[in-house]
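For reference, the structure is listed below as structure tokens.
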Amino acid sequence: SDASTFDVAEVWTDHNREGSDGILVLDSLPTCCLNFVSPFIDSISSLQVFPGFLCGFFVDINCSGPGFNLTNKYISDLNGGIFQDSISSMSCDALPK
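Residue numbers (this note's numbering): 600 to 696.
Structure below.
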């Protein structure tokens, strides 16, 4: 990828990497808050944060409300938790080298 962009995470609207798929490509780190849009807002069921990055995911827009942080991890199914089909925004940063 271009040296000035960062692939930080990937999200899916269904569990186990199914459904609509989006790779989050950022042009600067750390990010300001990013609000998801259709088809992802309030629809994310599985997600992955790539190695070297820390991302926070939040149930409300503007990175507010309940949230959680992930680094270098894949979650195949958010089912059963408060975050299933409820993530609305996120922010990311690079981990220290």
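Here a beta-carbon is modelled for each residue, glycine too, at the ideal position from N, C-alpha and C.
Nearest residue (CA-CA) to residue i, options the options
i	options	result
glutamine 647	Gly679, Gly666, Gly680, Asp620	Asp620
leucine 625	Leu653, Pro665, Lys672	Leu653
proline 695	Gly651, Ser663, Ile681, Tyr673	Gly651
asparagine 661	Cys632, Asn668, Val636	Cys632
Counted within 10 angstroms of its Cβ, other Cβ atoms place residue i as buried (16 or more) or exposed
i	result
isoleucine 643	buried
valine 610	buried
isoleucine 554	Absent from the structure is residue 554, since the part of the chain shown begins at 600 and ends at 696.
serine 690	buried
Close Cβ partners of residue i (< 6 angstroms) along its chain, the five nearest in sequence each way excluded
i	result
proline 629	Asp692
aspartate 684	Asp641, Ser642
Proximity of residue i and residue j at Cβ, strictly below 9 angstroms
i	j	result
threonine 612	phenylalanine 656	no
asparagine 634	serine 688	yes
Nonlocal neighbours in the same chain, by C-beta distance under 8 angstroms from residue i, ignoring five residues either side
i	result
serine 600	Residue placement at serine 600 cannot be trusted, given a pLDDT of 47 that sits under 50; what the coordinates show is reported in the next sentence. Only Asp606, Val624 meet the Cβ criterion.
asparagine 615	Ser645, Ser675, Asp676
Local conformation of residue i per DSSP, three classes
i	result
asparagine 634	strand
asparagine 661	helix
aspartate 613	strand
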